[in-house]
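The opening position of the sequence shown corresponds to residue 2 in this note's numbering, with each subsequent residue numbered one higher. All remarks here apply to the structure that follows.
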Amino acid sequence: MSLVEVLRKKAPGVPASLYEAKDFADAMQYAVDVTLKKRACEMLMPVAGEQYGPESENGIPTQLVRHIAVPGFSDEEFAALEAKAEGTGIKLLRSGLRNHLGGFDTGITKAEALITDSVTCIVNSNSEEVRIGSMVAELSIMLVKKSTLLDRLEDSAPLMLDLMTRGGASYTAMITGPSRTADIERVGALGVHGPLELHIVLLED
Numbered sequence: 002m003s004l005v006e007v008l009r010k011k012a013p014g015v016p017a018s019l020y021e022a023k024d025f026a027d028a029m030q031y032a033v034d035v036t037l038k039k040r041a042c043e044m045l046m047p048v049a050g051e052q053y054g055p056e057s058e059n060g061i062p063t064q065l066v067r068h069i070a071v072p073g074f075s076d077e078e079f080a081a082l083e084a085k086a087e088g089t090g091i092k093l094l095r096s097g098l099r100n101h102l103g104g105f106d107t108g109i110t111k112a113e114a115l116i117t118d119s120v121t122c123i124v125n126s127n128s129e130e131v132r133i134g135s136m137v138a139e140l141s142i143m144l145v146k147k148s149t150l151l152d153r154l155e156d157s158a159p160l161m162l163d164l165m166t167r168g169g170a171s172y173t174a175m176i177t178g179p180s181r182t183a184d185i186e187r188v189g190a191l192g193v194h195g196p197l198e199l200h201i202v203l204l205e206d
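So, in structure tokens, the structure goes:
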């Protein structure tokens with residue numbers, strides 16, 4: 002069984018949505034589509050005097066504008082997303098994510114690799130913008146090149162050593178599925194400490 006087939010089989014159990022993109026433009030269209038389909042983002046830290054949408058089922062004001070954060074995107078990558086988002090009303094965020102800690106809809110992150118056995122994304126999070134983009138968004142999209150798929154955790158050792166020496170990287174995140182906890186009365190809850198959903202988008206090299 003190929004590593005892609007393993008990922009197809011195991012992703013639903015994480016849970017994670019899996020999309021195999023034809024190219025980068027197709028991946029960006031997918032990001033725009035899922036952002037438009039999701040419920041309005043809850044504004045966890047409302048600002049006095051600002052206008053918001055109707056309250057969610059949790060009694061929290063919702064944002065009027067949808068946002069996609071793309072820290073670490075090159076100018077060419079950003080232009081591809083910008084073309085797909087044109088006319089949708091979606092606002093794109095490349096930097097300054099500290100100004101959006103109250104919540105935003107979608108964060109797109111480029112993973113260094115993915116361990117198929119556990120469906121774990123390895124992310125170089127040395128940039129604060131990347132850390133915020135992958136943790137604060139309600140919906141997290143991980144871009145993964147097929148050539149970076151790994152079988153098991155031990156296969157990631159060379160990559161981890163490289164990340165430790167590459168430019169003094171000090172933050173490496175291993176992300177498996179959406180945020181979840183059972184701290185509150187031992188009841189499982191999603192999205193308490195991070196994204197409500199994880200979407201893995203596979204890209205050809």
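Glycine is no exception: its CB is placed at the ideal position from the N, C-alpha and C atoms.
Given a length threshold of 3 residues, each whole run of the beta strand (DSSP E) inside the stretch 27 to 84 is given here in chain order: 54 to 56 and 68 to 70. Sequence-distant Cβ neighbours of Val-66 in its own chain, meaning closer than 6 Å and more than five residues away, are Lys-92. Lys-85 sits buried, since 16 or more C-beta atoms from the chains shown fall within 10 Å of its C-beta. Bridge partners of Leu-160 according to DSSP: none are assigned. Residue pairing for Leu-19: DSSP places it in a beta bridge opposite Ile-201.
The alpha-carbon of Leu-150 is positioned some 15 Å away from that of Tyr-20. When rounded, the separation of the alpha-carbon atoms in His-68 and Leu-144 is 18 Å.
The beta carbons of Asp-106 and Leu-82 sit about 13 Å from each other, so the pair does not count as a contact at 8 Å.
Boundaries of the beta strand (DSSP E) harbouring Ile-109: 105 to 111, taken from the DSSP string. Of the residues assessed, Leu-162 falls on the exposed side of the cut-off, its CB having fewer than 16 other CB atoms within 10 angstroms. Within its own chain, the residues whose Cβ lies closer than 7 Å to the Cβ of Tyr-53, once the five positions on either side in sequence are excluded, are Met-44, Pro-47, Pro-62, Thr-63, Gln-64 and Leu-65, listed in chain order.
Remark: C-beta atoms of Arg-95 and Val-71 approach each other more closely than 8 Å.
Here Cys-122 has Ala-112, Leu-115, Met-143 and Ile-176 as same chain residues with Cβ atoms under 6 Å from its own Cβ, once five neighbours each way along the sequence are excluded. Relative to Thr-166, the option among Val-15, Asn-127, Gln-30 and Ala-41 whose CA is nearest is Asn-127. In this structure, Ser-119 lies away from Leu-164, with their beta-carbon atoms at least 8 Å apart. The Cβ neighbour count for Thr-89, taken over all protein chains shown within 10 Å, is under 16; the residue is labelled exposed.
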